[in-house]
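Student:
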Amino acid sequence: MPALSVNLALGNAGLLITLVAAAVGAASGAVALIGGNRRAIAQTHLFAWPALLGTVLSVAMMQIALAQRDYSIEFVQQVGSSTTPTLYNVAAMWSALEGSILLWVLVLVVFTAAVALRFRSRRDDPLVAWALVVMYVVTTFFALISFGPASPFAAGSTVPVGFDGPGPNPLLQNHILVLFHPPILYLGYVGFTVPFAFAIAALVTGRVGEGWLLETRRWALFSWGFLTIGILLGGWWSYEVLGWSGVWAWDPVENASLLPWLTGTAYIHSVLVQQRRGMLRVWNLSLLVATFSLTILGTFLTRSGIINSVHAFAAGEVDGYLLGFFALVVITSILLIGWRGDRLRAPGSIDSPLSREGAFLANNVVFALFAFIVLLGTVFPLIVEVVQNRQTVVGAPYFDRLSMPIGLVLLFLMAVAPVLPWRTASTELLSERLLWPAWIGAASLASAVVLGADGWAPLVAFGLGGFAAGAALRQVALSTRRHGWRGLVGRTNGGMVVHLGVILIAVALAASNTHTHSATIELERGREVAWGGHTFELVDVVREVDERTDVARADVLLDRSGVYGPAVTTYLQMGMTIGTPSVRTGFDKDVYLTIDGTNPPSVGDSTVVLRVFVKPMILWLWIGGALMALGTVMSAIPSRLHRRPTDPTSVSLSGGAR
Amino acid sequence: MRRRLSWLAVLFVTVGALAVGASRDGGPLDPGDRIDAISRRIACPVCDGESVYESRNPASEAIRSAVREGVRAGGLTDDEVIAEVADAYGAQVLLLPRATGLDALAWALPVTAAVVALAGLASAFRRWREAAVQSGEATDDDRRLVERLRAERDGDGSGGSR
C-alpha cells in the first residue's frame, strides 16, 4: 500500500533532518566558537529551524499514521486500534517508549527554536551560541535514539488483512488526563535543558557572573512550574484512575519526576542568593547540572526496566545510550566546573545563619538531602541485587517515614525565611515580625485539635502550616498595602503564593495520610448499609458494552442524596480488566467508592462488594496545585516596583522602577 | 513587654494543643484501619512494587486476608503480623528495609548525610565569620551593637525593617 508507507518514509526523513541539523549545528557552532569566526558564530541559530521542522514533520506523520491505523509501522501495530477514540488515539503516541522519545525530541526542538528566537538580537554573542551548541548536542542525542534504537517509524512485520492492534494500555485510555499529564511533565523535564545549556555556556566562555542567571531565570521558572503541574496532574490521575485512593505511591517513575523537581526547587531559591550577593556560584551550577542529569538518569532508571514500576508501559533498548549520556553530562560538567574553579570563587560571605541567605542555604541543604534520600530509596533495590543477588522492594513506608521530618523542617523554614532580611537579623526583629504568623500557627493547631485531629506529626504539620501561611500572607499584605494592587505581582509575592499552595498541599497530605478510613462493605440491593457516618445502598448493576469496552457498573446511592457508579471495565482488545472508582468530592472530605477485586459484577446481581475510602481534604491538594501555578505565573510577571537586579542597590525604589 | 507576653501565650496555646492532641492518639480506630496500615507496609509479591494496600491482584487479596486474620486473632502487634507474612512469602514482600545487614544502609546513609550536611553548614558559617573578622568587616556582634544603639536612640518599638 504505497499511500501508507509515505507516513513511514516522511516520518523517518523528518527525524533524519532533525538529527543532521542538530549534529551539524553543534559541530559547526563549536568550530566557529573555538576559531573565533564571528560570522559563523552568528549563524549558529539557523540550525534550530530545520531541526524544528524535521521533528514537526515526524510528529505530524506519526499522528497521521495513528489516525489511519497504518499497520505498516511497528509502533502503530503496538499501540493502534480501530476502536480507540480519537482523543486517546492522539495520546497513543506517548503510550509507549518510542513515541515518548519522539515527544521528548519535539519539546526539545521547540525549546531550542524558542531560545534562537528569544536571543535573536545577540546571535554573535558567544554565550548564546554556546548555549545553542549545548542544546544541539542534547537534541542530537535524543534524535539519534529516536532515529536508531527507539525508532517510532520502524517498519512492522507483515500483518494479515483485517489486522487490528491492541490499542494503548487500558490505563492510558480511560481518563482525559492522559492528554495533559505527560506533555506538561515533559515541558518541565525538557525545559531545564535551557538553563543547563546556559550554565555550560557560562562555564565555557568564562562569563560565570550573574548575567546568564538573569537570562535564564524565567526559563527555569517556566520549566519548574510545568514540572510542578505535571507531577500534580499525575497524582490527580492516579487518584481518579487507579482505585486505591492514593495520589502518590513513591513509585520509581514518580520518584524520577520528583528528583529533578527537588533539585530544581533548590535552584530557584539559591539563585536568589547569587543574584543578590554573587555567592553560591558553584552550588547553583551543580544544582542545574544535577537537575538536568537527573532527568536523564530518571529516564534511564524507569525506561530500562531494571527497576520494577507500575509505569513500566514502555521498556526498550535505550538504556546503554541513556547511561552513557548521563555519564557524559556529569563528567563534562564536573571538568568544566573544576577548570573554571578560580573564577567561580565567591567574592562575599554569608555573615549570619539568621539571614535571608542563611535560610536559603538551609533550604538548599534540606532539599539536597531530600533528593539524596529519594534517589537512595529508588536505587536501593539495585544495590542489594548487585551486592547480595536478592530481590527487595523499598516502598512508600520508607519514603513516608523519612520525608515526614524533612517536610516539617521545610514548613518551618517557609515560616521563618520570608520575614528574614538579607545579611543579618536580630531576635528583636524576628519576634516582631513572626508574632502574627505564630498566632495563626497556634490558632490553626488549636482548631485542628478542636476538630478532632490527633497524632503529634500531623498536628505539628498543621501548626507549622498555619505559621508558614501567616508569614506568606504577611508578606503579600505588606506589599499590597505599600504598593496597591501592582505590588501583588513580582517575584517575591509570586513566591509567597506558591508557598501558600505548598502549605495547602502539605496540610492536605498530612490530613489525608493520617485520617483516611476504609472498609470493605457488602451491599445488597434495596438494603441500606451505614458505615463511617455515611449510608450506602445498591440501586442497580448496569452493563454497557461497545466495541472497545465492557463496563459493569454498580450504581450506589450515597447518603440518600446522590448516585455514584464505581465500575469494572474490561478492555476487549487486550482482555485486561481495570476498576474505575467513583468519587464524591467535598471541601471537607471525599467519599471514594470502588468495586472490590477485579471481577466485574453481573447484571441482576443482588449483592456487590465495595471498597470505600473516606479521605479528608483531598480537594485542597488540587486547590494548592492551582495556587502554585498561579504563584509561578505571578512571579514571572515583572514587578515594575522592583529594581532591576543589575542596578546599583543605592538607587531608590521609584527611581529604579522607571 | 506586651510582645513578650503575647509570645508566651502563643507558646502556651501550642504546647497545650499539642499535648491534648498527641496524648489522645489511640492508634488506628478499628480493625479495618489497622489492616490498612499493615498492608501498606507489605509489597504485592507479583506486581512491580505496589503495596498490598494499593494492589488488586489476587496474590494481594490473599495476603490481605492473612493480615485480616492476624489482626482479628488479636494479641499480635503490627510488626508481628508483618513478620508472619514475611515468613510465608519471603523477605521481598517487606516494603520497609530491615535495620540489619546491608538493608541497614538504607537507614544509616540518610542519617549520615544529614549529619554531614549540618556539619558542613556549620563549618561554612564559622569560616565565613572568621573571614569577616580577619578582613575587618562588620561582624554580627558589631551589627547587634549598632542596632541596639539605634533602637535606644529612636526609642523602643520602631526597630526598623530596613
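In the order they appear, the protein sequences are chains S and G. Those letters in the first sequence? Residues 1 to 658, per this note's numbering, in order. Those letters in the second sequence? Residues 1001 to 1162, per this note's numbering, in order. All C-beta atoms, glycine included, are put in the ideal place defined by N, C-alpha and C.
(1) Please name the residues in the segment 239-265 of chain S whose beta-carbon is closer than 8 Å to at least one beta-carbon of chain G, in chain order.
(2) Using a Cβ-Cβ cutoff of 7 Å, what residues of the segment 1116-1140 of chain G are near chain S? List them in chain order.
(3) Start and end of the beta strand (DSSP E) containing Pro-600/S?
(4) Note down, in chain order, each residue of its chain lying with its Cβ closer than 8 Å to the Cβ of Val-110/S, except the 5 sequence neighbours on either side.
(5) Give a yes or no on contact between the segment 1082-1091 of chain G and the segment 1035-1042 of chain G, applying the rule of three or more CB pairs nearer than 8 Å.
(6) Cβ closer than 7 Å: which chain S residues qualify as neighbours of Val-1010/G?
(7) Does any residue of chain S bring its CB to less than 7 Å from the CB of Arg-1153/G?
(8) Closest to Glu-1050/G by C-alpha separation, out of Val-394/S, Trp-531/S, Ser-100/S, Pro-160/S, would be which residue?
(9) What residue range does the beta strand (DSSP E) around Ser-479/S cover?
(10) Assuming Pro-149/S and Val-318/S make a contact with CB atoms under 8 Å, what is their CB distance in whole Å?
(11) Assuming His-269/S is part of the alpha helix (DSSP H), what are its boundary residues?
(12) Which class does Leu-593/S belong to by DSSP, given the choice of helix, strand or coil?
(13) Taking only the alpha-carbon atoms, compute the straight-line gap between Arg-276/S and Ala-1017/G and give it to the nearest angstrom.
(14) Whose C-beta lies closer than 7 Å to the C-beta of Ser-1006/G among residues of the same chain, with five residues either side of it excluded?
(15) Determine which residues share a DSSP beta bridge with Leu-1094/G and list them.
(16) Should Glu-528/S go down as buried or exposed, given a rule of 16 or more other Cβ atoms within 10 Å for buried?
(17) Comparing alpha-carbon positions, which option in Gln-475/S, Val-178/S, Ile-268/S, Phe-412/S lies nearest Ala-96/S?
(18) For Ser-1051/G, go through chain S and note every residue whose CB falls closer than 7 Å to its CB, in chain order.
(19) Identify the contact partners of Arg-1034/G in chain S, using a Cβ-Cβ distance below 7 Å as the criterion.
(20) For Phe-372/S, would you say it is in contact with chain G, using Cβ-to-Cβ distances shorter than 7 Å as the test?
(21) So with CB distances below 8 Å, who are the chain S contacts of Ala-1114/G?
(22) In chain S, which residues lie less than 9 Å from Val-1013/G when you measure between Cβ atoms?
(23) Are the beta-carbon atoms of Gly-441/S and Gly-407/S separated by less than 7 Å?
(24) Anything in chain G within Cβ reach of Trp-365/S, meaning under 7 Å, just list it in chain order.
(25) State yes or no: is the C-beta of Val-563/S within less than 7 Å of the C-beta of Asp-555/S?
(26) The beta strand (DSSP E) with Glu-666/S in it runs from where to where?
(27) List, in order along the chain, the chain G residues whose C-beta lies closer than 8 Å to that of Trp-456/S?
(28) Is there contact between the segment 125-141 of chain S and the segment 31-43 of chain S, where contact requires at least three CB pairs shorter than 8 Å?
(29) So with CB distances below 8 Å, who are the chain G contacts of Ser-518/S?
(30) Helix, strand or coil: which one does DSSP assign to Thr-570/S?
(31) Where does Ile-350/S fall in DSSP's three states?
(32) Over what stretch of residues does the beta strand (DSSP E) that includes His-45/S continue unbroken?
(33) Just verifying my parser: in three-state terms, what is the DSSP assignment at Arg-281/S?
(34) If you pair each beta-carbon of the segment 333-341 of chain S with each one of the segment 252-270 of chain S, do three or more pairs fall below 8 Å?
(35) Per the contact definition of three or more C-beta pairs closer than 8 Å, is the segment 510-524 of chain S in contact with the segment 604-614 of chain S?
(36) Run the CB neighbour count on Met-1001/G, radius 10 Å, all protein chains shown included, and call it buried at 16 or more, exposed below.
Tutor: From the atom records:
(1) Leu-242, Gly-243, Trp-244, Gly-246, Ala-249, Asp-251, Pro-252
(2) Ala-1117, Leu-1121, Phe-1125, Trp-1128, Ala-1131, Ala-1132, Asp-1140
(3) Here Pro-600/S belongs to no beta strand (DSSP E), and DSSP marks it neither H nor E.
(4) Leu-52
(5) yes
(6) Ala-438, Trp-439, Ala-442
(7) No, Arg-1153/G does not count as interfacial toward chain S.
(8) It is Val-394/S whose Cα lies nearest to the Cα of Glu-1050/G.
(9) From DSSP, Ser-479/S is part of no beta strand (DSSP E) but of the alpha helix (DSSP H) over 456-483.
(10) 5 Å
(11) 252-277
(12) strand
(13) Going by the C-alpha atoms only, they are around 40 Å apart.
(14) none
(15) Answer is Ile-1042/G.
(16) exposed
(17) Proximity to Ala-96/S across Gln-475/S, Val-178/S, Ile-268/S, Phe-412/S peaks at Val-178/S, based on C-alpha coordinates.
(18) Gly-395, Ala-396
(19) None at all; the shortest Cβ gap to chain S is about 11 Å.
(20) Yes, Phe-372/S lies at the interface with chain G (some Cβ there is under 7 Å from its Cβ).
(21) Leu-369
(22) By Cβ distance, chain S contributes Trp-439, Ala-442, Ala-443, Leu-445, Ala-446.
(23) Contact: no.
(24) Correcting the residue type first, residue 365/S is Val in the shown sequence and not Trp. Residues of chain G with a Cβ closer than 7 Å to the Cβ of Val-365/S are, in chain order, Ala-1117, Leu-1121.
(25) yes
(26) With chain S covering only 1 through 658, there is no way to say anything about residue 666/S.
(27) Leu-1018, Gly-1021, Ala-1022, Asp-1025
(28) yes
(29) Those within 8 Å of Ser-518/S in chain G are Gly-1032, Asp-1033, Asp-1036.
(30) Note: Thr-570/S maps to strand in three-state DSSP.
(31) Here Ile-350/S sits in coil by DSSP.
(32) No beta strand (DSSP E) contains His-45/S, which DSSP labels as neither H nor E.
(33) helix
(34) no
(35) yes
(36) exposed
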